[in-house]
Amino acid sequence: MRFPTIVPLTEIASLIGAQIIGSKQGAASGINEIHKVEEGDLVFVDHPKYYLKCINSAATYIIINQVTDFPAHKSLLLVDEPFEAYQKIVAHYRPFMPLQKTISDSANTGEGTFVMPGAVIGNHVQIGKDTIIYPNVVIMDHCIIGNNVIIQSGTVIGSDAFYYNKKTTREVHYKKMLSGGRVVVEDDVEIGANCTIDRGVSGDTVIGAGTKIDNLVHIGHDTVIGKNCLLAAQVGIAGATTIEDEVILWGQVGVSKTLTIGKGAEVYAQSGVPATIEGGRKYFGSPVEDAMTKKKELVWMKRIPVLWEKVFPPSSKGGTG
Amino acid sequence: MRFPTIVPLTEIASLIGAQIIGSKQGAASGINEIHKVEEGDLVFVDHPKYYLKCINSAATYIIINQVTDFPAHKSLLLVDEPFEAYQKIVAHYRPFMPLQKTISDSANTGEGTFVMPGAVIGNHVQIGKDTIIYPNVVIMDHCIIGNNVIIQSGTVIGSDAFYYNKKTTREVHYKKMLSGGRVVVEDDVEIGANCTIDRGVSGDTVIGAGTKIDNLVHIGHDTVIGKNCLLAAQVGIAGATTIEDEVILWGQVGVSKTLTIGKGAEVYAQSGVPATIEGGRKYFGSPVEDAMTKKKELVWMKRIPVLWEKVFPPSSKGGTG
Amino acid sequence: MRFPTIVPLTEIASLIGAQIIGSKQGAASGINEIHKVEEGDLVFVDHPKYYLKCINSAATYIIINQVTDFPAHKSLLLVDEPFEAYQKIVAHYRPFMPLQKTISDSANTGEGTFVMPGAVIGNHVQIGKDTIIYPNVVIMDHCIIGNNVIIQSGTVIGSDAFYYNKKTTREVHYKKMLSGGRVVVEDDVEIGANCTIDRGVSGDTVIGAGTKIDNLVHIGHDTVIGKNCLLAAQVGIAGATTIEDEVILWGQVGVSKTLTIGKGAEVYAQSGVPATIEGGRKYFGSPVEDAMTKKKELVWMKRIPVLWEKVFPPSSKGGTG
Numbered sequence: 022m023r024f025p026t027i028v029p030l031t032e033i034a035s036l037i038g039a040q041i042i043g044s045k046q047g048a049a050s051g052i053n054e055i056h057k058v059e060e061g062d063l064v065f066v067d068h069p070k071y072y073l074k075c076i077n078s079a080a081t082y083i084i085i086n087q088v089t090d091f092p093a094h095k096s097l098l099l100v101d102e103p104f105e106a107y108q109k110i111v112a113h114y115r116p117f118m119p120l121q122k123t124i125s126d127s128a129n130t131g132e133g134t135f136v137m138p139g140a141v142i143g144n145h146v147q148i149g150k151d152t153i154i155y156p157n158v159v160i161m162d163h164c165i166i167g168n169n170v171i172i173q174s175g176t177v178i179g180s181d182a183f184y185y186n187k188k189t190t191r192e193v194h195y196k197k198m199l200s201g202g203r204v205v206v207e208d209d210v211e212i213g214a215n216c217t218i219d220r221g222v223s224g225d226t227v228i229g230a231g232t233k234i235d236n237l238v239h240i241g242h243d244t245v246i247g248k249n250c251l252l253a254a255q256v257g258i259a260g261a262t263t264i265e266d267e268v269i270l271w272g273q274v275g276v277s278k279t280l281t282i283g284k285g286a287e288v289y290a291q292s293g294v295p296a297t298i299e300g301g302r303k304y305f306g307s308p309v310e311d312a313m314t315k316k317k318e319l320v321w322m323k324r325i326p327v328l329w330e331k332v333f334p335p336s337s338k339g340g341t342g
Numbered sequence: 022m023r024f025p026t027i028v029p030l031t032e033i034a035s036l037i038g039a040q041i042i043g044s045k046q047g048a049a050s051g052i053n054e055i056h057k058v059e060e061g062d063l064v065f066v067d068h069p070k071y072y073l074k075c076i077n078s079a080a081t082y083i084i085i086n087q088v089t090d091f092p093a094h095k096s097l098l099l100v101d102e103p104f105e106a107y108q109k110i111v112a113h114y115r116p117f118m119p120l121q122k123t124i125s126d127s128a129n130t131g132e133g134t135f136v137m138p139g140a141v142i143g144n145h146v147q148i149g150k151d152t153i154i155y156p157n158v159v160i161m162d163h164c165i166i167g168n169n170v171i172i173q174s175g176t177v178i179g180s181d182a183f184y185y186n187k188k189t190t191r192e193v194h195y196k197k198m199l200s201g202g203r204v205v206v207e208d209d210v211e212i213g214a215n216c217t218i219d220r221g222v223s224g225d226t227v228i229g230a231g232t233k234i235d236n237l238v239h240i241g242h243d244t245v246i247g248k249n250c251l252l253a254a255q256v257g258i259a260g261a262t263t264i265e266d267e268v269i270l271w272g273q274v275g276v277s278k279t280l281t282i283g284k285g286a287e288v289y290a291q292s293g294v295p296a297t298i299e300g301g302r303k304y305f306g307s308p309v310e311d312a313m314t315k316k317k318e319l320v321w322m323k324r325i326p327v328l329w330e331k332v333f334p335p336s337s338k339g340g341t342g
Numbered sequence: 022m023r024f025p026t027i028v029p030l031t032e033i034a035s036l037i038g039a040q041i042i043g044s045k046q047g048a049a050s051g052i053n054e055i056h057k058v059e060e061g062d063l064v065f066v067d068h069p070k071y072y073l074k075c076i077n078s079a080a081t082y083i084i085i086n087q088v089t090d091f092p093a094h095k096s097l098l099l100v101d102e103p104f105e106a107y108q109k110i111v112a113h114y115r116p117f118m119p120l121q122k123t124i125s126d127s128a129n130t131g132e133g134t135f136v137m138p139g140a141v142i143g144n145h146v147q148i149g150k151d152t153i154i155y156p157n158v159v160i161m162d163h164c165i166i167g168n169n170v171i172i173q174s175g176t177v178i179g180s181d182a183f184y185y186n187k188k189t190t191r192e193v194h195y196k197k198m199l200s201g202g203r204v205v206v207e208d209d210v211e212i213g214a215n216c217t218i219d220r221g222v223s224g225d226t227v228i229g230a231g232t233k234i235d236n237l238v239h240i241g242h243d244t245v246i247g248k249n250c251l252l253a254a255q256v257g258i259a260g261a262t263t264i265e266d267e268v269i270l271w272g273q274v275g276v277s278k279t280l281t282i283g284k285g286a287e288v289y290a291q292s293g294v295p296a297t298i299e300g301g302r303k304y305f306g307s308p309v310e311d312a313m314t315k316k317k318e319l320v321w322m323k324r325i326p327v328l329w330e331k332v333f334p335p336s337s338k339g340g341t342g
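Chains as they are written, first to last, in this note's numbering: chain Y, 22 to 342; chain Z, 22 to 342; chain B, 22 to 342.
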């Protein structure tokens, strides 16, 4: 998540009640999770297991709960609860602004774009040129929609991530991770009816140019979909996953989180993708395998009774030898 | 389904054209199906196979199509078509009231609660404090939403049950069972975008406190979900099922009707649950099995060709011995 | 797709810049794809492989990119790009009319029909008598809804087809096929919440009388569903498929395109139907098989370890034989 403008480190420290270890002179450009950080960013870490990874990441400022060695050009922000500090920062720079009107005054639509009745356009949303927003679509705050995009009725763009921190004291309970990111829909994208595309938690959820999405498709937070992909109806993709260009996912395919589907891969209907798969091939099954291998397996399954009869011949039951 | 106030038995009998067998003095507090009845309730039964079960249930008043022995403190309401009588009662005490306005005058929202543009709030709906209802959410009549609840855009709470009586004369046709129940969403629940939660037919559909639900999830009528559960995107749960506390269902899991998933069970993505499973374990597959057992099965499947080659060695085809 | 009135062939030729080969006297009643054409229709073909099939179809007028032999009572319309010509014709006779109001002035609703708040009714939509349209439903242009129909909240009727022509130059890209067809929902149909039913591309998508559809169901373009079918929650049916009368599809079933499911077939939950299946039987699995066969297969799978132990006995490893 980018801040609207660069923020002095001292302002951040004051907001979250942190002690600055190292230089107090810097200014932060945004806050992100470890896999998305850039130079100038804040990052947060609360488990010693990840200290080193965070301190050595591209991030310049580390919100941390213990003083640890760090490079001279970085600073630590020492707090008791880094996760709570993250939440405070997101809540402060992306404050909850309940929509008051169907189309926010701060939303912007380009020339030749139609927004049909019942559609709701959130604060600071930007929509390009020659785009059609069908009835009862919802586009929440800060999302970016390109040129020549079609979004069919009832689709929701920019819902909050399904992302919770599990706390177990006496019983399990879940604490929501605030979503500071956006959804970015590039040019020439078409999205069907009643889909849901969650905003990024710290980065952006991206739908690449020319990609076509059918109805009732779910796309999780921070997932990045490449150019000219096809996603058939009822596909579901979890969070922080990468779908490269020209991938085809047929109906009801499920894709797990934080994995990559390589360029040009094609996944047959109802398959489940639990881990990274390489591009240029066809896949089938839940969990997916190479489509041809899977089809052969289904044929082999039918041969078990034949094997059984050979290995345990019926006569052997009462056989007298 | 509870009646707004207690109703004299004679009023019910007159409404459905029933003859009262036994005491005419009582008053009914509600009407329910056999698995939900309480003392003071009406219940209905039209098949001799279920007469005994209904007469011996907690219900005090039995709508029935044949005189049958019954305990002295109960009464029978004798009609030709008990199912039709049930429909009449529900239609009378929960009459269809087409919404006239986006937010019904009889709906109630607590302090600190936001209802965003395009949301529709039905008659007699009660919403607690500090709750956020996102754009284009629909909450139908009589539903109850707790405190500190978040319901994201496009979700529908309180749609009618998918529950039909099959009639076969010359051809099959289906007669809708009227939904007199409600949806009750407890405190600290969060529900994603474009979900659907059906109201109970005779009882309530309940989402327990602290439970978090992702996008495009379907929950059937009269289903009761425990506390602090996680339901990932595109999960579907049929009617009258019980999900105990702290259950986790991953993406696209399907759960059949009238079963129980025990406390703390975790069901992996795309699995199908056709019958009751016990708590505290992990499950996978369609139909589900113990996750470890299922994974081993998938490994065994790959060994069939090896078995085949041993049992039917290639040389044996043209073998001369 | 039917034209509003019959159109002289010369008008069509002029619209698409075609040279007429054969009689110039005719008039066209509509334009359709090859599997839907009737006498008096236009059809288009751009690949020599399909020339003969199109010229010999019921269509009277063939938009084609090469002069080919044809029967005396037909005419050819010669153009360079038949697909582009098709798009021009659809765009001309079914022009994009962005909705200006929640309920179009050209929409029509019968006596006793309720349209609840937030519902959007498109241009030229016709709704019969005693029908209930719940909040935030969207019914797009030209769709037809019968009598005594119930459509629950958030459902979208008449979204555009997910139907693209693939063009590969340097990279893949997809060109949308315009949808000129309608959705026709017959009498006594009930449709759940947040469903999506796409309009036909050239013909109509039809939901037969008495059919009941649960929540979050997707039905593709030009698919025809028979009478008194049951479709449970989260079922997905691709385009141009035929579901005959009294078919039952349980939860999360997926059905591929351009196939037929025979009368009275029942498909168990989470199954996948990749090709035509005959009526009157029960099916299970992905891909589906006869339900009993599939269940036996699942039992056989569990016997592989027993086979293995017999064929490769543990003692044989270190056996001295």
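Built from N, CA and C at the ideal position, the CB exists for glycine as well.
Problem - Residue-chain proximity (PRO332(B), chain Z), Cβ-Cβ < 8 Å - result: The question names Pro, but residue 332(B) is Val in the sequence shown. Chain Z contact via Cβ: present.
Practice task
For the region 318-331 of chain Z, enumerate the residues whose C-beta is nearer than 9 Å to any C-beta of chain Y, in chain order.
Solution key: Under the 9 Å Cβ criterion, the region 318-331 of chain Z contributes LEU319, MET322, LYS323, ILE325, PRO326, LEU328, TRP329.
Exercise for the section: Put HIS94(Z) into one of helix, strand or coil per three-state DSSP. Expected result: Here HIS94(Z) carries a coil assignment [DSSP, helix/strand/coil].
Exercise for the section: Could you work out which residues of chain Y lie near ASP239(B), taking near to mean beta carbons separated by less than 7 Å? Expected result: Here the sequence assigns His to residue 239(B), which means Asp is not the residue at that position. Going along chain Y in sequence order, the residues near HIS239(B) (Cβ under 7 Å) are ASN236, LEU237, ALA254, GLN255.
Exercise for the section: Could you tell me which of PHE333(Y), GLN87(Y), HIS56(Y), ASN249(Y) sits nearest to HIS68(Y), measuring between CA atoms? Expected result: The shortest Cα separation from HIS68(Y) among PHE333(Y), GLN87(Y), HIS56(Y), ASN249(Y) belongs to GLN87(Y).
Exercise for the section: Would you give the residue range spanned by the alpha helix (DSSP H) that ILE110(Y) belongs to? Expected result: Start and end: 103-114.
Practice task
Note down, in chain order, all residues in the region 262-273 of chain Y with a beta-carbon under 8 Å from any beta-carbon belonging to chain B.
Solution key: Those residues of the region 262-273 of chain Y that come within reach of chain B (Cβ to Cβ, closer than 8 Å) are ASP266, GLU267, GLY272, GLN273.
Exercise for the section: Decide if the region 261-270 of chain Z is in contact with the region 237-250 of chain Y; the criterion is three or more beta carbon pairs, one per stretch, under 8 Å apart. Expected result: The region 261-270 of chain Z and the region 237-250 of chain Y do not touch, with fewer than 3 CB-CB distances between them shorter than 8 Å.
Problem - Listed by chain order, chain B residues near PRO138(Y) by CB distance under 9 Å - result: Neighbours of PRO138(Y) on chain B, chain order: LEU120, GLN121, LYS122, THR123, ILE124, VAL141.
Problem - Close beta carbons around LYS74(Z), own chain, < 7 Å, minus the five adjacent residues each side - result: Correct list, in chain order: ILE55.
Problem - Helix, strand or coil at GLU192(B) [DSSP, three-state] - result: Looking at GLU192(B) - three-state DSSP - the assignment turns out to be coil, as it is neither helix nor strand.
Practice task
Go to PRO326(B), then tell me how far its alpha helix (DSSP H) extends in each direction, as first and last residue.
Solution key: Its alpha helix (DSSP H) spans residues 325-332.
Exercise for the section: Report the neighbours of PHE104(Z) on chain B: residues whose CB is nearer than 9 Å to its CB, in chain order. Expected result: Chain B residues near PHE104(Z): none, gap ~17 Å exceeds 9 Å.
Exercise for the section: List the endpoints of the continuous beta strand (DSSP E) containing ILE41(Y). Expected result: Element bounds for ILE41(Y): 40-43.
Exercise for the section: Closer than 8 Å by C-beta to GLY301(Z): which residues in its own chain qualify, once you throw out the five before and the five after it? Chain order, please. Expected result: Taken in chain order, the residues that qualify are GLY283, LYS284, GLY285, ALA286.
Practice task
Could you check the C-alpha separation between PHE183(Y) and LEU280(B) for me, to the nearest Å?
Solution key: Those two C-alpha atoms are separated by around 37 Å.
Problem - Start-to-end residues for the beta strand (DSSP E) that takes in SER180(Y) - result: First-last of the beta strand (DSSP E) with SER180(Y): 177-180.
Exercise for the section: Closer than 9 Å by beta-carbon distance: list the chain Z residues that pair up with GLU192(Y), in chain order. Expected result: The answer, in chain order, is GLY231, LYS248, ASN249, ASP266, GLU267.
Exercise for the section: Tell me whether the beta-carbon of TYR114(Y) lies closer than 8 Å to the beta-carbon of PHE24(Y). Expected result: For the pair TYR114(Y) and PHE24(Y), the CB atoms are nearer than the 8 Å cut-off.
Handout entry: Straight-line gap, ILE33(Z) to ILE110(Z) (C-alpha atoms, nearest Å)
Key = If you take the alpha carbons of ILE33(Z) and ILE110(Z), they lie about 8 Å apart.
Handout entry: Proximity winner among GLN147(Z), LYS150(Z), PHE117(Z), relative to THR134(B) (alpha-carbon distances)
Key = The candidate whose alpha carbon is nearest that of THR134(B) is PHE117(Z).
Handout entry: Closest residue to GLY201(Z) among VAL158(Z), VAL268(Z), SER125(Z), SER180(Z) (Cα-Cα distance)
Key = GLY201(Z) has its Cα closest to that of SER180(Z), out of VAL158(Z), VAL268(Z), SER125(Z), SER180(Z).
Practice task
Decide if ARG203(Z) is buried, meaning its Cβ has at least 16 other Cβ atoms within 10 Å, or exposed.
Solution key: Counting Cβ neighbours within 10 Å, ARG203(Z) comes out buried, since at least 16 surround it.
Practice task
Compare the C-beta of GLU132(Z) with all C-beta atoms of chain Y and state if any pair is closer than 8 Å.
Solution key: For GLU132(Z), not one C-beta of chain Y is nearer than 8 Å to its own C-beta.
Handout entry: C-beta neighbour in chain B for SER336(Y), strict 8 Å
Key = No, SER336(Y) does not count as interfacial toward chain B.
Handout entry: The alpha helix (DSSP H) enclosing PRO156(Y), as first and last residue numbers
Key = It is not in any alpha helix (DSSP H) - PRO156(Y) carries neither H nor E in the DSSP assignment.
Exercise for the section: Could you tell me the distance, in whole angstroms, from the CA atom of THR152(Z) to the CA atom of ILE258(Z)? Expected result: Each residue's Cα considered, the two are about 25 Å apart.
Problem - Neighbourhood of PRO308(Z) by C-beta distance below 6 Å, restricted to the same chain and skipping five residues each side - result: Close CB contacts of PRO308(Z) within its chain, under the 6 Å cut and outside five residues either way in sequence, are with GLY293, PRO295 (chain order).
Exercise for the section: Give the interface partners of PHE135(Y) over in chain B, defined as CB-CB distance under 9 Å, in chain order. Expected result: The contacting residues are PHE117, PRO119, LEU120.
Problem - Interface flag, TYR185(Z) vs chain A, CB-CB below 8 Å - result: No chain A is part of this structure, whose protein chains are labelled Y, Z and B.
Practice task
Give the straight-line distance between the Cα atoms of ARG220(B) and ILE269(Z), rounded to the nearest whole angstrom.
Solution key: When rounded, the distance between both Cα atoms is 37 Å.
Exercise for the section: Answer yes or no: does any C-beta atom of chain B fall closer than 8 Å to that of SER200(Z)? Expected result: No, because no Cβ of chain B sits closer than 8 Å to the Cβ of SER200(Z).
Exercise for the section: Compare the C-beta of VAL111(B) against all C-beta atoms of chain Y and say whether one is closer than 8 Å. Expected result: Output row for VAL111(B): interface = no.
Handout entry: Limits of the unbroken alpha helix (DSSP H) element including TYR184(Z)
Key = TYR184(Z) -> no alpha helix (DSSP H), and no H or E assigned at all.
Problem - Residues near LYS196(Z) by beta carbon distance below 7 Å, same chain, minus five either side - result: Excluding positions up to five away in sequence, the list reads TYR185, ASN186, LYS188.
Problem - Cβ-based burial, GLN291(Y) [other Cβ within 10 Å; buried from 16] - result: With 16 or more other CB atoms across the displayed protein chains lying within 10 angstroms of its CB, GLN291(Y) is buried.
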